[in-house]
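First the structure, in the form of structure tokens, and then the observations on it.
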Amino acid sequence: MQNCMQAWTWTQPGQPTDLILRHLERPQPQAGEVLIENHAVGLNPVDWKFIDWGHPRWQDGHIPGVDGAGVVIATGAGVALPVGSRVAYYQSLFRDGSFASHSVLAANMVMRVPDGLDFATAASLPCPALTASQAIAKLPPAAGAPVLVTRAGGAVGTLLVQLLARAGFEVWAATSDRHHHRLASLGAHHCVDERSPNWRAQLQQTGTPFYAVIDSASGTEAARLAPLIAYNGHLVCIQDRQEVPPLPAFTSALSLHEVALNSVHEHAHAAARAALMATGEALLEDVAQQRLQGVPLEALPFDALPEALQAIKDGQMAARPVLVMAQG
0 MQNCMQAWTW TQPGQPTDLI LRHLERPQPQ AGEVLIENHA VGLNPVDWKF IDWGHPRWQD
60 GHIPGVDGAG VVIATGAGVA LPVGSRVAYY QSLFRDGSFA SHSVLAANMV MRVPDGLDFA
120 TAASLPCPAL TASQAIAKLP PAAGAPVLVT RAGGAVGTLL VQLLARAGFE VWAATSDRHH
180 HRLASLGAHH CVDERSPNWR AQLQQTGTPF YAVIDSASGT EAARLAPLIA YNGHLVCIQD
240 RQEVPPLPAF TSALSLHEVA LNSVHEHAHA AARAALMATG EALLEDVAQQ RLQGVPLEAL
300 PFDALPEALQ AIKDGQMAAR PVLVMAQG
């Protein structure tokens, strides 16, 4: 069985619980690739969304999953990364992914995991940490300027709050009130309850013109928040993008930004990919050294993957699930 692996596979658009566990032949890395034995698998909203939507490039038997962490056990030609390296990764949506005991990655799209960081934590970080770093990179430095983060209680928002505070911004966090104490301890200066029906109006009444809004909800929600942004400010969309300017021309003169993390695999040049991986490694080191905190995690066995992802989709997880693989 040394050349076999287990993988949760997709057949057609549906629910995470429709995934099928299969025993497959283990892939071999080609030139410029590495084979990783996964020790932990991270789960993200993008996983259930693509399982739900499907994609023309997904065929029956596709292995979903973008986040994972483990050990390099084989390398293709031209790869300098040593066998035995501890790595984490963010896989392309259009290649077989992390919902498997083994995954093949482009060697230039993996991040070294520091010795002080466990695989479960490492696997939970690539998508949210790289997304947060790309969102903040859109903003020119402006010490003390107010920035609003929506959906701030999630994995991306939690990291955004900390990274914005570290960069010197005045952080406003919009999220359920159950997250307010935790986010305040991580650097949020003000917290508002996103579940309140009039929370946008309450923000408008404060008279605070936001230097930027970073929205993780939807393009529609981001457009609703545009009137809160100051002249020459910034609207950063993590979910969707602004196909139509949200405000009339020659008014607030907003700069519109989109974050499209997965596009790095097919649209970024080599130097940009290397820079992103270096950023990711620095963030992993920050977590290892407790300079940054992720969201609370719950370790579950690999067999529980479909139910755990379904629970994320249904909003039923109090902590973020991470699948831990049995070794040996």
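The sequence shown begins at 0 in numbering that gives the first Met the number 0 and counts up by one. Using N, Cα and C, we set each Cβ at its ideal position, and we do this for glycine too.
Give me, in chain order, the residues of the same chain whose beta-carbon lies closer than 7 Å to that of residue 331; leave out the 5 immediate sequence neighbours on both sides.
Lying outside 0 to 327, the shown extent of the chain, residue 331 is not represented and no answer is given.
Less than 8 Å between C-beta atoms, sequence neighbours within five positions excluded: which residues of the same chain meet that for residue 309?
Looking up residue 309 in the sequence shown gives position 310. Excluding residues within five positions, the ones whose Cβ falls inside 8 Å are 14, 15, 16, 47.
Are the beta-carbon atoms of residue 194 and residue 224 separated by less than 8 Å?
Mapped onto the sequence shown, residue 194 falls at position 195. Mapped onto the sequence shown, residue 224 falls at position 225. 8 Å or more divides the Cβ of residue 194 from the Cβ of residue 224.
In chain order, which continuous runs of the beta strand (DSSP E) of length 3 or greater are located wholly inside the region 41-119?
The DSSP assignment places complete beta strand (DSSP E) segments of no fewer than 3 residues inside the region 41-119 at 66-74, 85-89, 101-105, 109-111, in order along the chain.
Any idea if residue 222 is buried or exposed, counting beta-carbon neighbours within 10 angstroms, 16 or more meaning buried?
For the purposes of this step, residue 222 is taken as the residue at position 223 of the sequence shown. Buried, by the Cβ-count rule.
Say whether the region 209-222 touches the region 175-191, bearing in mind that this needs 3 or more beta-carbon pairs closer than 8 Å, one atom from each stretch.
Taking one beta carbon from each stretch, the region 209-222 and the region 175-191 have fewer than 3 pairs nearer than 8 Å; the two do not touch.
Can you tell me the Cα-Cα spacing of residue 315 and residue 173, whole angstroms?
By 1-based counting over the sequence shown, the position of residue 315 is 316. By 1-based counting over the sequence shown, the position of residue 173 is 174. Taking the straight line from one Cα to the other gives about 20 Å.
Whole-number beta carbon distance between residue 283 and residue 80, since they are thought to touch under 8 Å:
One-based indexing of the sequence shown puts residue 80 at position 81. One-based indexing of the sequence shown puts residue 283 at position 284. Not confirmed; about 16 Å, so no contact.
Burial state of residue 266 (16 or more Cβ within 10 Å)
Position 267 of the sequence shown, counted from the first residue, corresponds to residue 266. By the Cβ neighbour-count rule, residue 266 is exposed, with fewer than 16 other Cβ atoms within 10 Å of its own.
On the CB-based measure, 16 or more other CB atoms within 10 Å of its CB, does residue 160 come out buried or exposed?
Residue 160 sits at position 161 when you count from the first residue of the sequence shown. Only buried fits residue 160, as 16 or more other CB atoms lie within 10 angstroms of its CB.
Backbone secondary structure at residue 10 - three-state DSSP
Walking along the sequence shown from the start, residue 10 turns up at place 11. In the three-state scheme derived from DSSP, where H, G and I count as helix and E and B as strand, residue 10 is classed as coil.
Applying the 10 Å Cβ sphere with the 16-neighbour rule, what's the burial state of residue 184?
Here residue 184 corresponds to residue number 185 of the sequence shown, with the count starting at 1. The residue in question, residue 184, is exposed, as its Cβ has fewer than 16 Cβ neighbours within 10 Å.
Reduced DSSP category for residue 231 - H, G, I as helix; E, B as strand; rest coil:
Within the sequence shown, the letter at position 232 stands for residue 231. Of the three classes helix, strand and coil, the one that applies to residue 231 here is strand, per DSSP.
Segments of 4+ residues assigned as alpha helix (DSSP H) that fall wholly inside the region 223-279
The qualifying runs are 263-266.
Give every residue of the same chain whose Cβ lies closer than 7 Å to the Cβ of residue 21, excluding the five residues on either side of it in the sequence, and list them in chain order.
Counting from one through the sequence shown, the residue named residue 21 turns up at place 22. Counting only Cβ-Cβ distances below 7 Å, and skipping sequence neighbours, we find 6, 8.
Name the DSSP bridge partner or partners of residue 37?
Residue numbering aside, residue 37 sits at position 38 when the sequence shown is read from its first letter. Residue 37 is bridged to 69.
Counting along the chain, where does the beta strand (DSSP E) carrying residue 24 start and finish?
Here residue 24 corresponds to residue number 25 of the sequence shown, with the count starting at 1. Here the beta strand (DSSP E) through residue 24 covers 19-24.
For the alpha helix (DSSP H) containing residue 130, list its first residue and its last residue.
Start at 1 with the first residue of the sequence shown, and residue 130 comes out as number 131. For residue 130, the enclosing alpha helix (DSSP H) starts and ends at 125-136.
Pull up the DSSP beta-bridge partners for residue 5, would you.
Here residue 5 refers to the residue found at position 6 of the sequence shown. Answer is 22, bridged to residue 5.
Pop quiz: residue 169 and residue 148 are said to be a contact at Cβ under 8 Å. What is the actual Cβ separation, rounded to whole angstroms?
Translated into positions along the sequence shown, residue 169 becomes position 170. Translated into positions along the sequence shown, residue 148 becomes position 149. The beta carbons of residue 169 and residue 148 sit about 11 Å from each other, so the pair does not count as a contact at 8 Å.
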